[in-house]
Every structure is written in C-alpha cells, then in structure tokens.
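Below you'll find the structure, written out as structure tokens, and then a few comments.
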Amino acid sequence: MVKISDEEIRKMVIARLEITPSKRKIIIGGAGAFTKKELIEKIKQHDPIGQKIIEVHLNYLRSFKKQQFWG
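Residues in the sequence shown are numbered consecutively from 22, following our numbering.
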C-alpha cells in the first residue's frame, strides 16, 4: 500500500476546492459558511475547520473504494 504524506493530502484537497465555483459558500456545521478561499487558508494554517474539510474529502474519496466491492 502506498503511503501518502499529510502535505500531499492537503495539496489534493486544496486542488479539489480550487475547482469549486468562487461564488459558492460551503457551510460547516455550527461554524458558519465559508468561501473556497477561506477554506483553502484554513487548510494551509492547519486550522480545525481545515482539518474537518480534509476529513470530509477523504471520507468522500474512500466511499468510491467501498463501492468497488459493494456496488
């Protein structure tokens, strides 16, 4: 199994966010609504909101792997 560094994961999530339309805001639970620019900054700063965004993106990507076996 290939090990991906935390920095590579951050870069991947930032790249996915960069293709999001600029006018769209993303709501994070009780934390509020954020623009993609704000979320990218939070990821770069290792902010708790940034960590949550990374977790959500990784869970989303892992769901595809599960579908290979169950879909």
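Yeah, the Cβ is synthetic: ideal placement off N, Cα and C, and Gly gets one too. All values reported here derive from a predicted model rather than from experimental measurement.
Quick one: grab the DSSP three-state call for ILE49. Strand at ILE49.
Return the first residue and the last residue of the alpha helix (DSSP H) that MET33 is part of. MET33: member of the alpha helix (DSSP H) spanning 27 to 39, first to last residue.
Among GLN88, ALA52 and LYS87, which residue has its Cα nearest to the Cα of GLY71? Comparing Cα-Cα distances from GLY71 to each of GLN88, ALA52 and LYS87, the minimum goes to ALA52.
Separation of ILE74 from LEU60, as counted between CA atoms: As the crow flies, the alpha-carbon of LEU60 is around 8 Å from that of ILE74.
Alpha helix (DSSP H) segment containing LYS58, residue limits: Secondary structure note for LYS58: its alpha helix (DSSP H) is the uninterrupted segment 57 to 65.
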